[in-house]
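Read through the structure below, which is laid out as C-alpha cells, and then see the notes.
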Amino acid sequence: MMKLSVVVPCYNEEAVIDQFDAKTRSVLDTLPIEYEICYVDDGSRDKTLLHLRALADRHPDATRYVSFSRNFGKEAGMLAGLREATGDAVVIMDADLQHPPELIGQMLELYQLGHDQIIARRTREGDKKVRSALSRIYYRAVNKWVDVELTDGVGDFRMLSRPAVDALLSLGEYNRFSKGLFSWIGFDTVTFDYQNAQREAGETKWKFGSLLNYGMDGLISFNNKPLRLAIWLGVLLAGVGAAYALWITVAAIAYGVSTPGYVTLVAIIVGLGGVQMVMLGLIGEYIGRIYYETKRRPHFLVKEAHGFPGKPEGVER
Ligand code: UDP
Ligand code: MG
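The number in our numbering is simply the position in the sequence shown, starting from 1, with 199 added.
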C-alpha cells in the first residue's frame with residue numbers, strides 16, 4: 200500500500216493544532232493509504248510542543264515530530280519535514296487549516312495519474328483588497344524578471360512525489376526560497392484551484408515588513424538580472440549625461456554662456472546618489488547571500504524528536 204507523509208510546519212499554533220490534527224486524520228482515514236503526519240515545531244514560544252507530544256502519544260505510529268531549538272522560519276521547517284518524511288508522496292500543509300485537508304483526496308487521484316507536483320492554488324477571495332492587488336502587481340513584475348515562474352495564489356500547499364522530494368532535498372542552498380525551488384525543479388506539474396479559507400484560530404506570522412523581505416528574496420534568489428539592470432541603467436545615465444553635455448556646449452556656442460539654476464544640479468546629484476545607493480545595496484545583497492552560503496551552517500537545529508526509526512527519542516542532532 201502506498202504511504203503518504205503530511206508535513207506540517209508549526210510556529211505558535213497551540214490554538215489550532217488539535218483541530219488541524221483531528222480534521223486531517225479524519226480525511227486521511229477515509230483514503231486507501233498508509234500515512235504519517237510529520238510535525239515540525241519551529242521553536243514555538245507557546246504550548247505547541249506540548250500539544251505535539253500529546254498527539255504523538257495518542258497516535259504513536261502515525262505521528263512524528265521534530266522540535267527546533269529556536270524559530271528558524273517556515274522554509275527551514277519545510278526542509279526538516281521533507282527530510283524526515285518517509286512516504287512515497289508528501290503533502291506540505293499549514294497548521295492553521297487554511298489548506299483544507301479535504302483536498303488531499305483530489306491530490307491523491309492526480310498523483311496516481313502520474314503527476315509529480317500537484318499544486319492547490321487558492322483564490323484570493325476574502326483577502327484584503329490592497330494586499331491582493333499588491334500581490335498581483337508583484338507577481339507580474341517578478342515573472343518578467345525571474346527565470347523561474349511564480350504564480351499568484353500558489354503557495355506551499357502541494358503534493359510531491361518521491362522523485363520531486365529528493366530533487367528538492369538535493370538543493371543544499373542556505374537561502375531557501377521555496378516558491379522558486381518548487382518551480383525550479385520542474386517535473387510533471389498540475390495545478391487546481393480551491394476556495395480561499397481564512398485561518399481557523401491563532402494569528403498570521405506575516406507582518407508587512409516580512410512580506411516586503413520575502414518579495415525581495417523572490418526577486419534576488421533566482422538570478423542576477425538585477426545586476427544586469429544596474430549595467431543598463433549606468434549606460435543609460437551615461438548616455439543622458441553625454442547628450443546633455445553636448446547640448447550645453449552647442450547652446451553656449453550658439454547663444455553665449457548662460458548660468459543655469461543650481462536646482463538642476465542638486466536634483467541630478469541627489470538622483471544619481473540615490474541610484475548609486477540602490478545599486479550598492481543590490482550588490483551588497485548578493486554578497487550577503489554568498490557570505491551566508493559559505494558559512495555552511497545547518498538550516499536548523501533539533502532539540503527534540505519523536506518517531507524516527509533507528510534514532511532514539513529526544514535525540515539531539
Ligand atoms: N510557520 C512556521 N515558522 C514561522 C512562521 C510560520 O513554521 O516562522 C508556519 C505556521 O505555523 C503555519 C504556516 O507556516 O503553519 C503558515 O503561516 P501563517 O499562517 O502565519 O502564514 P499565512 O497563511 O498568513 O501566509
Ligand atoms: Mg495561514
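Using N, Cα and C, we set each Cβ at its ideal position, and we do this for glycine too.
All figures in this text were calculated on a predicted structure; none of them were measured in a lab.
To the nearest angstrom, how far is it from the Cα of residue i to the Cα of residue j?
i, j, result
"Lys502", "Val265", "8 Å"
"Val449", "Ser457", "12 Å"
"Trp405", "Arg330", "12 Å"
"Asn412", "Met200", "43 Å"
"Leu418", "Trp344", "7 Å"
"Phe499", "Gly371", "13 Å"
"Ala221", "Arg257", "11 Å"
"Arg496", "Asn374", "11 Å"
"Lys360", "Lys273", "First, the amino acid is wrong: residue 360 is Ser here, not Lys. Using only the alpha carbons, I get a separation of about 21 Å."
"Leu368", "Pro362", "10 Å"
Please determine whether the Cβ atom of residue i lies at a distance below 6 Å from any heavy atom of the ligand UDP.
i, result
"Lys502", "no"
Taking the alpha-carbon of residue i as reference, which of the options has the nearest alpha-carbon?
i, options, result
"Pro231", "His498, Glu308, Asp217 and Asp256", "Glu308"
"Gly433", "Tyr338, Met478 and Glu213", "Met478"
"Val439", "Phe499, Arg398 and Leu471", "Leu471"
"Ile384", "Glu399, Ala366 and Gln394", "Ala366"
"Asp346", "Ile318, Gly414 and Ser382", "Ser382"
"Thr605", "Pro259, Cys237 and Leu249", "Since the first and last residues shown for the chain are 200 and 516, residue 605 lies out of range."
"Arg269", "Tyr337, Val289 and Arg244", "Arg244"
"His505", "Asp228, Phe267 and Asp287", "Phe267"
"Tyr234", "Val289, Tyr443, Arg252 and Ala279", "Val289"
"Glu399", "Asp228, Pro425 and Gln297", "Gln297"
"Asn395", "Met415, Ile318, Arg335 and Gly325", "Gly325"
"Phe391", "Gln218, Asp228, Ile318 and Glu213", "Ile318"
"Gly379", "Met358, Gly354, Gln475 and Gln397", "Gly354"
Would you check if the distance between the CB atom of residue i and the CB atom of residue j is smaller than 7 Å?
i, j, result
"Ala294", "Val207", "yes"
"Ala255", "Thr262", "yes"
"Asp240", "Cys209", "yes"
"Thr403", "Gln316", "no"
"Ala214", "Gly401", "yes"
Can residue i be considered in contact with the ligand ADP, in the sense that its beta carbon sits closer than 6 Å to one or more heavy atoms?
i, result
"Tyr491", "With respect to the ligand ADP, the structure shown offers nothing to examine, as its ligands consist of the ligand UDP and the ligand MG."
Check: For the ligand UDP, which residues have a Cβ under 6 Å from at least one heavy atom, in chain order?
Finding: Every residue passing the under-6 Å Cβ criterion appears here: Pro208, Cys209, Tyr210, Glu212, Asp241, Asn270, Gly272, Lys273, Gly276, Asp293, Ala294, Asp295, Gln297, Arg398, Thr403, Lys404 and Trp405.
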